[in-house]
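Asks: Mind looking over this structure? Questions follow.
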Amino acid sequence: MSKWLRNSFIILVTLFTFGVVTPSQAALLYDSSYQDRSPKKDHIEFLQTEEDYSQNDDEVSFLDGREEFIKQMVKEAEYQSYEKFGAKIKPVIEDEFNVCILPNIEAAIAEIAEQYPEEDLKKLSITESPAGGNSEKIFHILNDETKKDVIRFHVRKDHPPQQGYWFNFHFHTYHDDFQKHHELGAIYWDKNTPPKWMS
Numbered sequence: 002m003s004k005w006l007r008n009s010f011i012i013l014v015t016l017f018t019f020g021v022v023t024p025s026q027a028a029l030l031y032d033s034s035y036q037d038r039s040p041k042k043d044h045i046e047f048l049q050t051e052e053d054y055s056q057n058d059d060e061v062s063f064l065d066g067r068e069e070f071i072k073q074m075v076k077e078a079e080y081q082s083y084e085k086f087g088a089k090i091k092p093v094i095e096d097e098f099n100v101c102i103l104p105n106i107e108a109a110i111a112e113i114a115e116q117y118p119e120e121d122l123k124k125l126s127i128t129e130s131p132a133g134g135n136s137e138k139i140f141h142i143l144n145d146e147t148k149k150d151v152i153r154f155h156v157r158k159d160h161p162p163q164q165g166y167w168f169n170f171h172f173h174t175y176h177d178d179f180q181k182h183h184e185l186g187a188i189y190w191d192k193n194t195p196p197k198w199m200s
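For the sequence shown, the residue numbers in our numbering are 2 to 200.
So this is what it looks like as structure tokens:
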């Protein structure tokens, strides 16, 4: 587009939109109530309001520390699960996973979070490397200080006779040395063999 044509277009748009965007009516009206107020009084009210907000922020962060931890862990759990599923499995089971399995993962994480004082939750983190192939590992939550797992979330491919393939979601905890399976739910795949994880 030539320079003069572009400039002409800009001028036309400016002329057509002139007056369409205006300041709000409140900004145009002069509020005489502020004329009689002293600047010192405004400053004191501002400081009080700022203190109120900072106190409320402290209370919210104190009350929501555990909830914030759970929320962050569930977000990471969802991300790690999708990475584990890979491009072939994820589109098929994503909706059912979000409805049936993810809330159970959240409940398990909340149960573990209740066992720790709030300040110790900062020491817990989620692993960032789900296992591919036929391995069961989705993610683990571990204690950063001890480098030991607290809870392990896995998914196993089950093939009951005459029933097709199922994805069995479960977790293990350190309470029984990761021996017992705690069921999270199962999602049906198909009669055909599912692809390998992360494929």
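Positions of the beta carbon are idealized from the N, C-alpha and C atoms, including for glycine.
Given the structure is predicted, the values throughout are model-derived calculations rather than measurements.
1. Run the CB neighbour count on His155, radius 10 Å, all protein chains shown included, and call it buried at 16 or more, exposed below.
2. Between Tyr80, Asp96, Thr128 and Cys101, which lies nearest to Phe170 when the distance is taken from Cα to Cα?
3. Am I right that Phe98 and Ile188 are in contact with their C-beta atoms under 8 Å? What's the rounded C-beta distance?
4. Can at least three beta-carbon pairs, one atom from the stretch 69–87 and one from the stretch 133–142, be found at a separation below 8 Å?
5. Looking at the structure shown, is Ser126 part of a helix, part of a strand, or coil, going by DSSP?
6. Does DSSP put Gly186 in a helix, a strand or coil?
7. Excluding the five sequence neighbours on either side, which residues of its own chain have a C-beta within less than 8 Å of the C-beta of Leu122, listed in chain order?
8. Quick check on DSSP: helix, strand or coil for Tyr117?
9. Let's see if you can read the secondary structure: which residues bound the beta strand (DSSP E) around Trp198?
10. If you draw a straight line from the alpha carbon of Gly133 to that of Arg157, how long is it in whole angstroms?
11. In the DSSP assignment, find the beta strand (DSSP E) that holds Tyr166 and state where it starts and stops.
12. Going by C-alpha to C-alpha distance, which of Lys124, Pro104 and Glu112 sits closest to His176?
13. For the beta strand (DSSP E) containing Val156, name the first residue and the last one.
14. Helix, strand or coil for Gly134, going by three-state DSSP, please let me know.
15. Can you tell me whether Leu174 is buried or exposed, with buried defined as 16 or more other CB within 10 angstroms of its CB?
16. To the nearest angstrom, how far is it from the Cα of Leu185 to the Cα of Leu125?
17. Express the C-alpha separation of Glu120 and Ser62 in angstroms, rounding to a whole number.
Replies: Well, looking at it:
1. Residue 155 sits at position 154 when you count from the first residue of the sequence shown. The residue in question, His155, is buried, as its Cβ has 16 or more Cβ neighbours within 10 Å.
2. Locating residue 170 in the sequence shown gives position 169, where the first residue counts as 1. Looking at the Cα atoms, Cys101 is the closest of the given residues.
3. In the sequence shown, counting from the first residue as 1, residue 98 sits at position 97. In the sequence shown, counting from the first residue as 1, residue 188 sits at position 187. Yes, they are in contact, since the Cβ atoms of Phe98 and Ile188 sit about 6 Å apart, within 8 Å.
4. yes
5. For the purposes of this step, residue 126 is identified with residue 125 of the sequence shown, where counting begins at 1. Here Ser126 sits in strand by DSSP.
6. Start at 1 with the first residue of the sequence shown, and residue 186 comes out as number 185. Of the three classes helix, strand and coil, the one that applies to Gly186 here is strand, per DSSP.
7. By one-based count along the sequence shown, residue 122 stands at place 121. For Leu122, where only same-chain residues beyond five positions count, the Cβ hits under 8 Å are Gly66, Arg67, Phe70 and Ala114.
8. Here residue 117 refers to the residue found at position 116 when the sequence shown is read from its first residue. Coil.
9. As a first step, residue 198 is located in the sequence shown; it is residue number 197 there, counting from the start. Trp198 -> no beta strand (DSSP E), and no H or E assigned at all.
10. The residue labelled residue 133 in the question sits at position 132 within the sequence shown. The residue labelled residue 157 in the question sits at position 156 within the sequence shown. If I take the Cα positions, the gap works out to 12 Å.
11. Counting from 1 along the sequence shown, the entry for residue 166 is found at position 165. Start and end: Tyr166 to Thr174.
12. Counted from its first residue, the sequence shown places residue 176 at position 175. Looking at the Cα atoms, Glu112 is the closest of the given residues.
13. The residue given as residue 156 occupies position 155 in the sequence shown. Where Val156 is concerned, the enclosing beta strand (DSSP E) stretches over Lys149 to Asp159.
14. Within the sequence shown, residue 134 is the residue found at index 133, counting from 1. In the structure shown, Gly134 sits in a strand (DSSP, three-state: E or B).
15. The residue you call residue 174 lines up with position 173 of the sequence shown. The question names Leu, but residue 174 is Thr in the sequence shown. It is buried - the Cβ of Thr174 has at least 16 other Cβ atoms within 10 Å.
16. Residue numbering aside, residue 185 sits at position 184 when the sequence shown is read from its first letter. Residue numbering aside, residue 125 sits at position 124 when the sequence shown is read from its first letter. C-alpha separation (whole angstroms): 21 Å.
17. On the sequence shown, position 61 is the one that residue 62 refers to. On the sequence shown, position 119 is the one that residue 120 refers to. Because Ser62 carries a pLDDT of 44, less than 50, the predicted location of this residue cannot be relied on, and the following value inherits that uncertainty. Distance between the alpha carbons of Ser62 and Glu120: 12 Å.
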